[in-house]
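Take the sequence shown: its position 144, counted from the start at 1, is 166 in the working numbering, and no numbers get skipped. Glycine residues also receive a C-beta, built at the ideal position from the N, C-alpha and C atoms. Predicted, not measured: the structure shown is a model, and the values here were computed from it.
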Amino acid sequence: MPKPVVSEDKRRRRRPTKNGTVLSEQLIVDTALRMLREHGSAGLTARRLGLALDADPSTLYRYFRGMDELTLAIGDALVGQALRGWEPTGEWRADLRAIGLRIHAAYVAHPQAAQLTASRVTGRPNELAADEAVLDVLRTAGFPLPDTVRIYHAFIDQTLAFAALDAASLALPSAALRADEDIWRSTYARLPRTTHPRIAEAAPLLASRMVDSAYPTALEMLLDSAAVQLKSARP
Numbered sequence: 023m024p025k026p027v028v029s030e031d032k033r034r035r036r037r038p039t040k041n042g043t044v045l046s047e048q049l050i051v052d053t054a055l056r057m058l059r060e061h062g063s064a065g066l067t068a069r070r071l072g073l074a075l076d077a078d079p080s081t082l083y084r085y086f087r088g089m090d091e092l093t094l095a096i097g098d099a100l101v102g103q104a105l106r107g108w109e110p111t112g113e114w115r116a117d118l119r120a121i122g123l124r125i126h127a128a129y130v131a132h133p134q135a136a137q138l139t140a141s142r143v144t145g146r147p148n149e150l151a152a153d154e155a156v157l158d159v160l161r162t163a164g165f166p167l168p169d170t171v172r173i174y175h176a177f178i179d180q181t182l183a184f185a186a187l188d189a190a191s192l193a194l195p196s197a198a199l200r201a202d203e204d205i206w207r208s209t210y211a212r213l214p215r216t217t218h219p220r221i222a223e224a225a226p227l228l229a230s231r232m233v234d235s236a237y238p239t240a241l242e243m244l245l246d247s248a249a250v251q252l253k254s255a256r257p
């Protein structure tokens with residue numbers, strides 16, 4: 023049976039690290055993000071995290087019931103970073119664009135953490151705040167409730183799916199990433215028109231575009247579709 027998780031203030035008083043540093047959920051999450059960046063998901067264990075914090079690994083379980091709960095906290099921290107400083111402007115399209123780009127950027131800034139958390143539902147405060155913000159932007163703009171939920175679903179899943187895809191590329195060893203990107207020039211650009219006419223004509227554009235994320239384009243397409251829906255929904 024897992025140990026009960028006690029309140030933050032009690033943990034602060036009772037559980038400093040061996041060198042006197044006061045542990046907190048934020049410190050643990052920040053340290054875990056650094057470890058993921060440096061060692062990948064395989065390098066994030068309670069033992070290694072305890073060593074990094076100069077604390078007994080068992081101490082971590084007073085803050086999180088297990089490594090999975092820590093994973094959820096890491097995902098929520100990424101959403102929190104994305105929302106920091108964001109304020110709605112009242113222009114629904116600009117607001118959704120800003121939220122989407124911020125979330126995507128926060129995840130790809132931590133590729134290893136993104137791979138670990140993009141598919142998870144945390145139910146934690148930052149995630150709830152982001153969901154509330156998106157739903158409020160859509161409802162305030164005048165979208166009917168069924169359209170609001172449908173667009174919200176597509177918006178969130180699209181953002182996280184691209185974040186996971188782009189993070190997976192960025193998490194590759196640099197040599198592998200360069201080799202993948204070079205394929206567009208070394209293979210696609212050299213295909214003859216006789217066998218691959220459409221690829222051949224598009225090759226220069228493919229070589230320049232395919233090494234970048236398609237998320238901004240996909241986001242604009244989703245917003246275009248939402249704008250059409252809003253126009254048809256209004257009397």
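Sub-8 Å separation of T67 and T139 beta-carbons: no
Y237 classed as buried or exposed, judged by whether at least 16 other C-beta atoms fall within 10 angstroms: buried
3 or more residues per run - each beta strand (DSSP E) lying fully within the stretch 46 to 87: none
Proximal residues to M57 (C-beta, below 8 Å), its chain only, five neighbours per side dropped: G65, L66, R70, L71, A74
Neighbour-count burial assignment, Q137, 16 or more Cβ in a 10 Å radius: buried
Whole-Å CB distance - R124 paired with L105, under 8 Å assumed: 7 Å
Identity of the residue in E109, S141, H126, R215 nearest D158 by Cα: E109
Sequence-distant residues of the same chain with beta carbon closer than 8 Å to A127, five excluded per side: A104
Cut-off 6 Å between Cβ atoms - residues of its own chain near P166, not counting five sequence neighbours on either side: A255
Sufficient close CB pairs (3 or more, under 8 Å) joining the stretch 242 to 254 to the stretch 167 to 177: yes
Separation of I205 from A197, as counted between CA atoms: 13 Å
Same chain, Cβ closer than 7 Å to Q134, five either side skipped, listed in chain order: So the list reads L58, R59, G62, S63, A193, once near-sequence residues are dropped.
Contact belief for G97 with T144 at Cβ below 8 Å, rounded distance in angstroms: 5 Å
Straight-line gap, S230 to P79 (C-alpha atoms, nearest Å): 47 Å
Assigned secondary structure, V101 (DSSP; H/G/I helix, E/B strand, else coil): Three-state result, V101: helix.
A163 to R119 span [Cα, whole Å]: Distance between A163 and R119, taken at the CA atoms: about 14 Å.
Exposed unless 16 or more other CB atoms sit within 10 angstroms - verdict on L2: No statement about residue 2 is possible, as the shown extent of the chain runs from 23 to 257 and does not include it.
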